[in-house]
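Convert by adding 108 to the 1-based position in the sequence shown; the result is the number in this note's numbering.
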Amino acid sequence: MENIIAAFPNRSDMEHAAEALRKQGVINLKLEPAAPAPVSDLPVMTLNEVRSASMEACGKLQVLVESSRRRQAMDTISRYGGECSF
């Protein structure tokens, strides 16, 4: 079993990826919406850090798949604009 966590640039892309992953037969799928931090609480960031923070602000998708389907799940997540971590 493999656990994949993916961040998406927007909620719509995350939901489309979740639907595609369900059709592929993932074992478990959990959408974790996140509340954005107030602008006053954000530190000074580089462009890459801003991009990462904006993706995290949308929420995360947690996916549990069989090891043999890990690559397929990661490709699906990427197709919908998600960034994977483990």
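Every residue, glycine too, gets a C-beta built ideally from N, C-alpha and C.
Since this is a predicted model, take the numbers as computed values, not measurements.
The beta carbon of R130 sits closer than 7 Å to the beta carbons of L137 from its chain, once the five residues preceding and following it are set aside; these are given in chain order. For E174, the three-state secondary structure derived from DSSP is coil. Look at I135 here: in three-state DSSP terms it is coil, with no helix or strand label. Going by beta carbons, L172 and N118 fall outside the 8 Å limit. Excluding sequence positions up to five before and after I135, its CB lies within less than 8 Å of the CB of M109, L172, V173, E174, all in the same chain and listed in chain order.
About 16 Å separates the beta carbon of E127 from that of K168, a gap too long to meet the 8 Å contact definition. Counting along the chain, N111 sits inside the beta strand (DSSP E) bounded by residues 110–115.
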